[in-house]
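Peer 1: Numbering (our numbering), first residue to last: 1 to 148. From the three backbone atoms N, C-alpha and C, an ideal C-beta is built for every residue, glycine too. Computed from a prediction, not measured in an experiment: that's the story for all the values here.
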């Protein structure tokens with residue numbers, strides 16, 4: 001079996017992610033068209049492309065400067081998704097951003113092209129934007145959505 005047979009169709013992942021465009025930002029929510037945060041967006045894409053979520057998400061803080069001994073978001077993704085090097089992340093990859101030096105990764109996006117990504121951002125909701133050098137250097141982890 002090839003690696004691509006083990007991962008979700010990139011076109012389906014990107015189409016599912018783009019269907020969330022314009023969804024307002026709402027902390028810890030995951031309802032397309034109603035409200036979501038960055039993790040809620042990824043959860044919604046998972047439900048559409050893969051199926052039911054494998055476990056409930058516990059409450060989490062919005063603090064992008066949070067530090068700690070454990071990469072909670074990356075560990076959760078790693079339990080369900082194949083991890084790849086951020087430099088090798090193709091369109092449709094889930095990317096985790098470390099927003100502040102020495103902080104844990106706390107922001108999530110989905111690559112939609114070689115230089116674009118989609119994410120939920122406070123005050124803006126779900127948007128697609130350029131993966132600028134400032135965003136690119138914050139990528140700490142990358143994962144592929146598994147096949148159904």
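1) Taking Cβ to Cβ, would you say residue 49 is nearer than 8 Å to residue 145?
2) Below 8 Å CB to CB, which residues in the same chain sit around residue 41 once its five sequence neighbours on both sides are set aside?
3) Would the beta-carbon of residue 132 fall within 8 Å of that of residue 102?
4) Using a 10 Å radius around the Cβ and a threshold of 16 neighbouring Cβ atoms, would you call residue 134 buried or exposed?
5) Could I get the ranges of all uninterrupted beta strand (DSSP E) runs contained in the region 32-110, with 3 residues as the minimum, in chain order?
6) Rounded to a whole number of angstroms, what is the C-alpha to C-alpha distance between residue 97 and residue 39?
7) What is the DSSP secondary structure of residue 134, counted as helix, strand or coil?
8) Apart from the five residues just before and just after residue 25, which ones in its own chain have a Cβ nearer than 6 Å to its Cβ?
9) What are the boundary residues of the alpha helix (DSSP H) that residue 16 is part of?
10) Leaving out the 5 sequence neighbours to the left and right, which residues in its chain are closer than 6 Å to residue 52 when beta-carbon positions are compared?
Peer 2: This is what the structure gives:
1) Working through the chain shown from its first residue, we reach residue 49 at position 49. Working through the chain shown from its first residue, we reach residue 145 at position 145. Yes; because the gap between Cβ atoms is below 8 Å, this pair is in contact.
2) As a working mapping, residue 41 is identified with position 41 in the chain shown. Closer than 8 Å at Cβ, skipping near neighbours: 17, 20, 23, 30, 108, 110, 118, 119, 120 and 126.
3) On the chain shown, position 132 is the one that residue 132 refers to. On the chain shown, position 102 is the one that residue 102 refers to. Their beta carbons are not under 8 Å apart, which means residue 132 does not touch residue 102 by this criterion.
4) In the chain shown, counting from the first residue as 1, residue 134 sits at position 134. Exposed, because fewer than 16 other Cβ atoms sit within 10 Å of the Cβ of residue 134.
5) 94-97
6) Here residue 97 refers to the residue found at position 97 of the chain shown. Here residue 39 refers to the residue found at position 39 of the chain shown. If you take the alpha carbons of residue 97 and residue 39, they lie about 12 Å apart.
7) Your numbering for residue 134 matches position 134 in the chain shown. Helix at residue 134.
8) Taking the chain shown and counting its residues from 1, the one referred to as residue 25 is at position 25. Correct list, in chain order: 120, 122 and 125.
9) Counting from one through the chain shown, the residue named residue 16 turns up at place 16. Where residue 16 is concerned, the enclosing alpha helix (DSSP H) stretches over 10-18.
10) Residue numbering aside, residue 52 sits at position 52 when the chain shown is read from its first letter. If we look at residue 52 and ignore the five residues flanking it on each side, it has no Cβ neighbours.
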